[in-house]
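Scroll down for the structure; my scribbles are underneath it.
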Amino acid sequence: MTRIPVLIVGGGPSGLVLASWLRRQNVGLRVIDKGEFRASDSRAIVMHARTLELYQKLGLAEDVIADGKHLVAANLWVQGKHRVRLPIGEIGTGITPHPFVHVYPQDRHEKLLEEKLAEAGVIVERNTELLDFTDHGDHVSYTLLRNDTQEREENGEAQYIIGCDGASSTVRRGLDNVQFPGATYQPLFYVADIEASGPAINGEVHVSLHSSDFLLIFAYDDSSRVRVIGIVSDKPDDVPPETLTFEDVVGTAIASLKIKVDKVNWFSTYRVHHRVASHFRSGRAFLVGDAGHIHSPAGGQGMNTGIGDAVNLAWKLAAVLQGHADPSLLDSYEAERIPFARTLTQRTDQAFSIATSGGFLADIVRTCIVPLILPVLVRLPGAADYAFRILSQTHITYRGTACVGGVAGQVHGGDRLPYTTANGVDNYATLSPIAWQVHVYGTPKEEMKEWCKEKGITLHTFDWTVEYKTVGFARDAAYLLRPDSYVAFANLSGMPVEFEVYLSTCGIRNLST
Numbered sequence: 001m002t003r004i005p006v007l008i009v010g011g012g013p014s015g016l017v018l019a020s021w022l023r024r025q026n027v028g029l030r031v032i033d034k035g036e037f038r039a040s041d042s043r044a045i046v047m048h049a050r051t052l053e054l055y056q057k058l059g060l061a062e063d064v065i066a067d068g069k070h071l072v073a074a075n076l077w078v079q080g081k082h083r084v085r086l087p088i089g090e091i092g093t094g095i096t097p098h099p100f101v102h103v104y105p106q107d108r109h110e111k112l113l114e115e116k117l118a119e120a121g122v123i124v125e126r127n128t129e130l131l132d133f134t135d136h137g138d139h140v141s142y143t144l145l146r147n148d149t150q151e152r153e154e155n156g157e158a159q160y161i162i163g164c165d166g167a168s169s170t171v172r173r174g175l176d177n178v179q180f181p182g183a184t185y186q187p188l189f190y191v192a193d194i195e196a197s198g199p200a201i202n203g204e205v206h207v208s209l210h211s212s213d214f215l216l217i218f219a220y221d222d223s224s225r226v227r228v229i230g231i232v233s234d235k236p237d238d239v240p241p242e243t244l245t246f247e248d249v250v251g252t253a254i255a256s257l258k259i260k261v262d263k264v265n266w267f268s269t270y271r272v273h274h275r276v277a278s279h280f281r282s283g284r285a286f287l288v289g290d291a292g293h294i295h296s297p298a299g300g301q302g303m304n305t306g307i308g309d310a311v312n313l314a315w316k317l318a319a320v321l322q323g324h325a326d327p328s329l330l331d332s333y334e335a336e337r338i339p340f341a342r343t344l345t346q347r348t349d350q351a352f353s354i355a356t357s358g359g360f361l362a363d364i365v366r367t368c369i370v371p372l373i374l375p376v377l378v379r380l381p382g383a384a385d386y387a388f389r390i391l392s393q394t395h396i397t398y399r400g401t402a403c404v405g406g407v408a409g410q411v412h413g414g415d416r417l418p419y420t421t422a423n424g425v426d427n428y429a430t431l432s433p434i435a436w437q438v439h440v441y442g443t444p445k446e447e448m449k450e451w452c453k454e455k456g457i458t459l460h461t462f463d464w465t466v467e468y469k470t471v472g473f474a475r476d477a478a479y480l481l482r483p484d485s486y487v488a489f490a491n492l493s494g495m496p497v498e499f500e501v502y503l504s505t506c507g508i509r510n511l512s513t
């Protein structure tokens with residue numbers, strides 16, 4: 001019987017990132033996926049700044065950026081007329097080292113992640129399905145169905161099982177105390193990757209709003225290859241969605257943009273749901289990504305949120321499995337991630353409903369009110385920064401949860417570390433290792449220097465300048481950073497005694513990795 005520390009069910013981006021982080025921290029694992037092949041089409045294509053920041057720790061950010069493209073502008077069309085163009089090229093300058101919205105097709109993305117995992121000695125076991133599992137309190141037993149060479153069952157044990165297996169998660173369905181409340185949007189949607197030409201095929205993002213119609217266009221690769229998402233309108237009730245072709249669903253919005261379609265590379269219809277699991281953890285089972293939350297495609301948030309889940313869980317699992325922290329630390333995964341999932345689902349639901357709802361009132365809002373107020377809103381001071389922080393997920397904070405604490409300046413425990421290049425020094429350049437560290441902006445106390453040396457963690461000191469105060473830091477304060485680069489504890493006194501109290505409260509015994 002196979003015995004492993006972690007069984008990851010699902011070989012999509014969330015599962016692959018979770019596996020990559022765990023292997024970087026020397027945790028044994030298996031990754032299984034019931035599909036025969038990894039993604040062969042573009043699927044999720046948007047990568048946001050926070051994801052790229054986290055990928056810096058895996059040594060992946062440069063590869064992803066080099067093999068994708070930045071979005072330079074977003075356009076709004078109403079009833080076939082171009083109304084607004086919003087430049088978004090480096091809209092997040094000063095907020096992050098990656099101040100753009102990046103397009104990187106999922107097929108390339110998964111290939112890169114799998115190759116890096118293989119270099120670390122982990123091969124994704126495809127054609128392998130989880131049949132069932134049992135949580136025994138001190139371990140999990142599971143049964144797999146393998147179809148690689150011949151169909152056969154395999155039994156094994158793991159200390160933890162992680163469901164990264166999507167909206168129809170077998171792991172989630174095996175948890176009796178976990179519900180998946182929410183609803184399904186009424187319209188049937190389609191998604192296609194096409195090669196085309198026309199005014200809206202120019203390498204930018206385009207949103208076209210029509211009475212009872214909606215179209216979203218994302219450019220990827222060269223400017224003629226685009227992803228389109230739209231509503232299937234006027235489908236007879238007796239026509240199965242799986243029998244539809246792209247030619248069957250082309251609606252008013254795409255026709256009004258004078259798009260000439262040369263080739264359809266991929267097409268599918270689907271229902272959009274908005275649901276959040278009642279729990280992300282049940283005993284020794286965890287839910288990550290779509291297994292725990294699904295929502296509309298507004299803003300390209302889904303995959304990025306799943307990757308954020310994976311990173312949040314990975315360092316905690318590693319700490320517990322290696323005896324560096326009490327198992328109670330794992331409770332903070334749900335406490336930190338489920339509030340954001342609920343907020344995100346509500347926010348994307350509101351935006352998506354405005355864009356896609358039918359009826360007279362919805363048509364008025366979509367085609368009359370939105371085009372009037374949007375140009376005004378984007379000109380408001382701070383509006384672009386605010387929008388970027390929300391879209392890029394750099395705004396996410398875990399303030400008020402059990403395993404973060406302290407306040408120093410404007411920075412609270414649970415905040416993402418503020419980014420700055422004051423004095424020509426990039427403070428994010430220190431964040432590449434998956435490790436605990438301390439930042440002091442100013443002069444560190446001698447006691448803090450000794451404490452960091454005793455704990456085996458790096459102390460990074462930045463010569464004080466008033467620019468640090470501008471982004472929220474307090475002079476001579478000490479900031480303890482978690483392996484995921486969130487502030488664990490903001491220590492205004494700069495003395496290590498407060499860190500010791502914090503670590504004891506959270507059951508963290510060892511900071512070395």
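Sequential numbering of the sequence shown, starting at 1, is according to the UniProt record's numbering.
For each residue, glycine too, the CB sits at the ideal point set by N, CA and C.
Source: prediction; values computed, not measured.
Return helix, strand or coil for M1, following the three-state DSSP convention.
Coil at M1, not helix or strand.
Sufficient close CB pairs (3 or more, under 8 Å) joining the stretch 497-513 to the stretch 459-475
In short, these stretches do not touch, since the Cβ pair count stays below three.
Compare the C-alpha of A474 against each of A490, S485, R482 and Y486 and name the closest.
Relative to A474, the option among A490, S485, R482 and Y486 whose CA is nearest is A490.
Who are the Cβ neighbours of F280 in its own chain at under 7 Å, not counting the five residues just before and after it?
Around F280: F286, L287, G292, Y333, E334, R337 and I338.
May I ask which residues mark the beginning and end of the alpha helix (DSSP H) holding S14?
Here the alpha helix (DSSP H) through S14 covers P13 to R24.
For Y270, tell me which candidate among Y190, D33 and D63 has the shortest Cα-Cα distance.
Checked all of Y190, D33 and D63; the closest Cα to Y270 is Y190.
Short of 6 Å in beta carbon distance, which residues of its chain neighbour residue 595, apart from the five on each side in sequence? Order them along the chain.
As shown, the chain starts at 1 and ends at 513. That puts residue 595 outside it, with no answer to give.
Relative to the C-alpha of T421, which residue among P97, R85, H210 and H48 is closest?
Looking at P97, R85, H210 and H48, the one whose alpha-carbon comes closest to that of T421 is P97.
Comparing C-alpha positions only, which one of H210, N202 and E90 sits nearest to D221?
When each option's Cα is compared against that of D221, the closest is N202.
Rounding to the nearest angstrom, what Cα-Cα distance links P444 and A314 in this structure?
Here the C-alpha atom of P444 lies approximately 30 Å from the C-alpha atom of A314.
For L244, tell me which candidate among H70, E90, V232 and R108 has the shortest Cα-Cα distance.
For L244, the nearest C-alpha among the options comes from V232.
In three-state DSSP terms, what is R108?
In this structure, DSSP gives R108 a helical state, which the three-state scheme calls helix.
Check whether the Cβ atoms of I194 and H206 lie closer than 8 Å to each other.
No, they are not a contact pair.
Can you tell me which of the three DSSP states C47 falls into?
The question names Cys, but residue 47 in the sequence shown is Met. Per DSSP, reduced to three states, the secondary structure at M47 is strand.
Going by Cα to Cα distance, which pick from P187, Y160 and Q186 is closest to L18?
The candidate whose alpha carbon is nearest that of L18 is Y160.
Using DSSP bridges, identify the partner residues of A196.
A196 is bridged to V261.
If you reduce the DSSP assignment to three classes, tell me which class N510 lands in.
If DSSP states are grouped into helix, strand and coil, N510 belongs with coil.
Whole angstroms are fine: how far does the CA of T401 sit from the CA of E454?
Between E454 and T401, the C-alpha separation is close to 28 Å.
Closer than 8 Å to chain D by CB, G156
The structure shown contains no chain D; it is built from a single protein chain.
At the level of alpha carbons, what is the spacing between R38 and D107?
Rounded to the nearest whole angstrom, the CA to CA distance from R38 to D107 is 7 Å.
Taking only the alpha-carbon atoms, compute the straight-line gap between V84 and M448 and give it to the nearest angstrom.
Computed Cα separation, rounded: 53 Å.
Alpha carbon to alpha carbon, how far is V404 from F499?
For the pair V404 and F499, the Cα-to-Cα distance works out to about 11 Å.
DSSP on Q437, reduced to helix/strand/coil?
It is a strand residue.
Out of curiosity, what's the CA-to-CA distance linking V9 and I390?
Looking at the two C-alpha atoms, the distance is approximately 30 Å.
Residue nearest to F462 in terms of C-alpha spacing, selected from L481, H439, P483 and C452
Answer by Cα proximity: H439.
N-terminal and C-terminal residue of the beta strand (DSSP E) that W451 is part of:
Counting along the chain, no beta strand (DSSP E) covers W451; the unbroken alpha helix (DSSP H) around it starts and ends at E446 to K455.
Report the partner residues of F189 according to the DSSP bridge assignment.
DSSP output for F189 lists I231 and Y270 as bridge partner(s).
Hey, out of F133, F388, S169 and R126, whose CA is closest to R146's CA?
The option with the nearest alpha carbon to R146 is R126.
Span of the beta strand (DSSP E) around I65:
In the DSSP annotation of this structure, I65 is not part of any beta strand (DSSP E); the continuous alpha helix (DSSP H) holding it starts and ends at A61 to A66.
Below 8 Å between beta carbons: does that hold for residue 521 and Q410?
There is no way to answer for residue 521, as the model of the chain reaches only from 1 to 513.
Near S14, what residues of its chain come up, given a Cβ to Cβ distance below 7 Å and the 5 sequence neighbours on each side ignored?
The beta carbon of S14 sits closer than 7 Å to those of C164, V288, G289, G306, I307, D309 and A310, all from its chain and outside the five residues before and after it, given in chain order.
Measuring CA to CA, which of L131, S504 and G11 is closest to I123?
When each option's Cα is compared against that of I123, the closest is G11.
Mind checking K57: buried by the 16 CB within 10 Å criterion, or exposed?
Classification of K57: buried, given that the 10 Å Cβ count is 16 or more.
With a 10 Å radius around its C-beta and 16 neighbouring C-beta atoms as the bar for buried, classify Q150 as buried or exposed.
By the Cβ neighbour-count rule, Q150 is exposed, with fewer than 16 other Cβ atoms within 10 Å of its own.
Verify whether the separation of the beta carbon atoms of L52 and V64 is less than 8 Å.
Yes, they are a contact pair.
Checking 8 Å against the spacing of the C-beta atoms, do R172 and A277 come in under that value?
Yes. Within cutoff.
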